[in-house]
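Going letter by letter, the sequence shown gives residues -17 to 941 in the working numbering. Yeah, the Cβ is synthetic: ideal placement off N, Cα and C, and Gly gets one too. Since the structure is predicted, the reported quantities are computational estimates derived from the model, not experimental observations. Report on the structure given below.
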Amino acid sequence: MQHEPSREPEELEAHLLGLIEAARDQAREDPFRNPVLAVTLAITRRFDRNEISTGDLDGLFVRLRAAALAARAERLRAYVGLDAGQEDPQAAIPARLVAAAPDRPDGVEAFAALIHRTAFAVVFTAHPTFGMPRAVAGLLAEAASLPDARDRAGLVARAAALSTRPDAPITLDVEFEQACAAANNGRLALDAFNGALLDAARARWPDRWTELTPRPFAIASWVGCDTDGRTDIGWWDTLRYRLISKRMQFDRVMRDLPEIPACREVRALAENALAAVNRQLTVAPRLGDQPSLEAVHRFALALIIERERAQTDAGALVAALTKALEAADDAADQRRIAVLRAGVATHGLSNALPHFRLNASQIHNAVRRVIDLEGEPTDAARRRSHLATIHTLLNDVRPVAVDFGALAAERASAARLMMTIAQILKHVDGTHPVRFLIAETETGYTLLAALWLARHYGIADKLEITPLFETASALEQGIRVLDDALRNPHWRQYLKRIGRLTVQFGYSDSGRYVGQLAATFWIERLRLRITEMLVQNGLSDVELAIFDTHGESIGRGAHPTSLRDRLAYLAPEDARDRARKAGIRVRLESSFQGTDGYLLYGTEALARASVARIAEHVYALDVTEEDSFPDYALNDRPKASDGKVDPIYAEPDFALEFFTAARQDMESLVDDPGYAALLGTFGPSLIDRTGSRPVARQTDNGGPARITHPRQMRAIPNNAILHQLGFLANSLHGIGRAAQRGPDLFRDMRRDSVRFSRAFRLVQHAASVGDLDVLRAYIDTLDPAVWLERARRTQKDFRRDELVVISGALERLDLAPALRNLFGRLTRDWLALSAAAPDLPAMSARLTLLHALRLALIHRIWFLAVHIPGFRPQAGISREQLLERFLRLDIDGCLKLLDAIFPVTPDPTLGLNFGEPAGPRDVGTYEAEHANLFQPIRRMFDQVREISGMIQHEVGAFG
């Protein structure tokens, strides 16, 4: 056999990209040819001829990683608006807000009323989207912060030399550390913004600017406080994280206070508090510990004994800072103290405000102990009786004492979380009310039950009970859920007392079940109805806080074009304007999830740019007399628009019919057996574990559970698998049929509607990273007929035997019919979409190559798996079952089993005298099988996962 010398990485990359382009050209002439499988076969043949080795791929991967990372750094820089360069201070939002304040005696009071209200919160969450190593994320953020591409190149090269695969293990501590790093940069950006506000105010009101304590934006986090769907976070862990957050706040005070006599008193207060917090942390149980009763007792006593010295309310610290500000003489010192005071007033004794989260079922279970409820709370037939029962309970609720002993003994998760919050408010930081998020809220009973628990534990005045509306039914029934609660006098009284109605909108489950574009329509519709409901109930004076919880990918609600578009996509101009005209104050909040979300705050420069874009979004209507802010998201307004009502709102029938059609098609797709097969066969094995959440279920024979419906997996891996299979169905499917219903009006909306064209850019991005040829290549890989056809045509006897065995194993999996039907469904809608929007972009050759390379590696893994020697069934698993697990890419599980069946080390009992005649032993070892089969399989599977990491960067996010 002729052996060509291994190519250099640059030459190999050019050669393979050339194969992609040539295959695409040939496919245009031959409709029965799949260009991706054609390149996969070409790569396989080069492997067979030793023209390419797995070692050659390592150098190629460095080049492909560098290209993906360089493009991502450039996109990140443009996304937050750093490409705009240095901003004129007078054109920045702080200066314009001050200039827009009314020129009358109470102008400073009017300005104070505006900036003393927190209008936006950045919320860092620990969703399992930590899809890249922390070192790579750091280098990527640094590179994106540099204006010169040549300066970025060195950082990108360093990142490209590292693996794209996430750090392992990813613990909650690791997630918390990364969230804190992002929060610290966010706090620095807020300080800069507040400083600019104070500078502009000082220039206009030199005698009164020190009266201002700006707190327009806040940083929050639920890392360590999210117990929805997990039991691995102890209450002591949550307390420890809150103490660490408190320590960081006092560290900031000590670091930023000027070294002047005026600050002596506040420095002493902060220094003593910091020492006390450190003593409390010394005895706090560590993550993963199951602390003894003595350890819990010791921790509890430290919290109680040090309580006064550690401070539990920011009031004394703010007062001391105010006193220092009044006594300071130097302008720079005054500014530092004023900025520090603003940060403390906003965040209390925390680095980031806490959000706690759990599931509605946990609330229901906690209340069952004191209520005789027939049926489930979600049973519509018993809705009125359930509401009446919880109302009776609320009529006679009495707060109970909470101590650490009761907390340690509590078994019900919702009650335990309520008690944990009570102890945090009492012993750590009670400055501000805390957010209490309830996932899967589908009945007003849930809100009233949460209120009863809050009153029962004495924290109702410090708890913002927040329903999450995310599922299709929740988005439809959300207004009824709130209306049922509002009809209850206890809930109305609670809202008026706390002064805020908070709701959470989720874009992950809604996007995957009804489609991302349809989800945003239903969410906006619910948002508008909530505004109307508040007005109708005479609650216009209650602030409406809307927390948009979305991922960093388009399938989970993050707009791909820019942060400006992202914010406007989540909170459209029309909805905000209606609330404003109704006299309702709105507080916006947005999630930034995992490594991808933290990147926007990965450096101080990125954080400042992100905060600047948030400021433009929040104050767009406060710095201009017009309804649109030309510097903001509407700078891309289509030319045909004249600034009047957006056409999408002027044509409500079109909007309803379009998004209803898209939703119906997506819901039908989700129930298609082929869709579950597509997601579940080997999709989960393409991605690494990317968070601290417990791993997925296993089957009785040890393999991954077979997925029969998408609801059996979480939204994040669901979305990540679509990325990895090359077709973002939850952002694309259904749009073609919806557009086909009114093609002319569809084109008009794309041209004239800011709202619709902005939403459609998600479809355009999905098209740019998706390709039906790629998806077909994965589907054909699971089709036994394709392997038999290949066997019929191959000239190699050994390969023919391998192909026949693989085909037989695939027949036993019986996936092909459902997958073929699925592909037909997706193709029909795609053809309709392509006809309606012929300008959709195509997948790049580089991303297509990554898919072809990975398919070639998967095929080679299967070829080697065929040669695994026969063995007696082990742990109930036969050789046939093992091969089927290889086809599902359960490589780690298979290799672990093979290590036990075919040991590489001799039997340790050999040569030992056990006092009886020796029984049969395996006297041999299996070095050859390990060297020729198992080790190459392991290495190639590592490369499969490495390619998954590169695809993540090309797409722009994990999950």
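If distances are taken between C-alpha atoms only, which option among the options comes closest to residue i?
i	options	result
THR513	ALA550, GLN498, ASP530, ALA557	ALA557
ARG828	LEU(-2), THR209, ARG719	LEU(-2)
PRO415	ASP354, ARG27, ALA404, THR425	ALA404
THR360	LEU603, VAL352, GLY426, SER735	GLY426
VAL593	VAL104, LEU894, ALA55, ALA5	VAL104
THR22	GLY481, ILE859, HIS833	HIS833
ALA81	ALA687, ALA48, TYR601	TYR601
LYS444	ALA500, PHE338, LEU545	PHE338
GLN722	VAL44, LYS626, SER816, SER713	SER816
ARG507	LEU714, ASN519, ALA561, TRP473	ALA561
ASP311	LEU221, GLU253, CYS245, ARG351	CYS245
CYS162	ARG186, GLN231, GLU193, ARG197	GLN231
ALA255	ILE717, ARG268, LEU299	LEU299
LEU154	PRO196, THR209, LEU179, ARG78	THR209
GLU(-7)	ARG45, LEU651, LEU704, GLU866	ARG45
ARG743	ASN701, LEU714, ALA702, ASP765	LEU714
PRO273	SER127, ALA174, ARG222, ALA882	ARG222
ASN347	LEU435, PHE158, GLY412, THR663	LEU435
PRO890	LEU877, LEU879, THR907	THR907
VAL259	ALA282, PHE281, LYS228, LEU275	LYS228
ALA527	PRO542, ALA553, ARG268, GLY533	ALA553
Name the two residues that bound the continuous beta strand (DSSP E) containing residue i.
i	result
PHE853	Note, PHE853: premise wrong, no beta strand (DSSP E); not H, not E.
SER544	SER544 -> no beta strand (DSSP E), and no H or E assigned at all.
Looking at the strands, I want to know which residues DSSP matches up with residue i.
i	result
ASN341	ALA421
VAL105	ALA202, SER573
GLU649	Note: GLU649 sits in no beta bridge, so no partner.
LEU831	According to DSSP, which records beta bridges pairwise, LEU831 is partnered with nothing at all.
THR448	LEU419
LEU121	In the DSSP output, where bridge partners are listed per residue, LEU121 has none listed.
VAL848	Looking at the DSSP assignment, VAL848 forms no beta bridge with any residue, so it has no partner.
VAL62	According to DSSP, VAL62 bridges with nothing at all.
ALA568	In the sequence as presented, Ala is not what sits at residue 568; that position holds Val. DSSP output for VAL568 lists LEU526 as bridge partner(s).
If you follow the alpha helix (DSSP H) that residue i is part of, which residue opens it and which one closes it?
i	result
LEU864	861 to 869
ASP7	-9 to 11
ASN961	No answer is possible for residue 961: the residues shown for the chain start at -17 and end at 941.
THR942	As shown, the chain starts at -17 and ends at 941. That puts residue 942 outside it, with no answer to give.
VAL259	246 to 264
ALA562	This sequence places Arg at residue 562; Ala is not what is there. Run containing ARG562: 555 to 563, per the alpha helix (DSSP H) assignment.
THR111	Unbroken run through THR111: none, as it is neither H nor E.
MET695	It is not in any alpha helix (DSSP H) - MET695 carries neither H nor E in the DSSP assignment.
ASP271	ASP271 -> no alpha helix (DSSP H), and no H or E assigned at all.
SER930	917 to 937
TYR427	426 to 438
What does the Cβ neighbour count give for residue i, buried or exposed, with the cut at 16 atoms within 10 Å?
i	result
ASP755	buried
ILE287	exposed
TYR614	Note on TYR614: pLDDT 38, under 50, position unreliable in the model; no value is reported.
SER367	exposed
PRO381	exposed
PHE896	exposed
LEU121	buried
LYS778	exposed
ASN166	buried
PRO129	exposed
GLN934	buried
SER490	buried
MET236	exposed
THR887	exposed
VAL485	buried
Within 8 Å (strictly less), CB to CB, does residue i reach chain C?
i	result
ALA313	No chain C is part of this structure, which consists of one protein chain only.
Which full runs of the alpha helix (DSSP H) of 4+ residues lie inside the stretch 451 to 539, going along the chain?
-> 454 to 468, 471 to 480, 490 to 496, 498 to 518
Entirely enclosed alpha helix (DSSP H) segments - the stretch 166 to 222, minimum 4 residues = none
Ignoring anything shorter than 4 residues or poking outside the stretch 752 to 780, list the alpha helix (DSSP H) runs there in chain order.
-> 754 to 763, 766 to 775
Of all the beta strand (DSSP E) runs that stay within the bounds of the stretch 293 to 368, which reach a length of 3 or more residues?
-> 335 to 341
Sequence ranges, alpha helix (DSSP H) only - wholly within the stretch 698 to 758, length at least 4 | 711 to 714, 717 to 722, 725 to 734, 736 to 750
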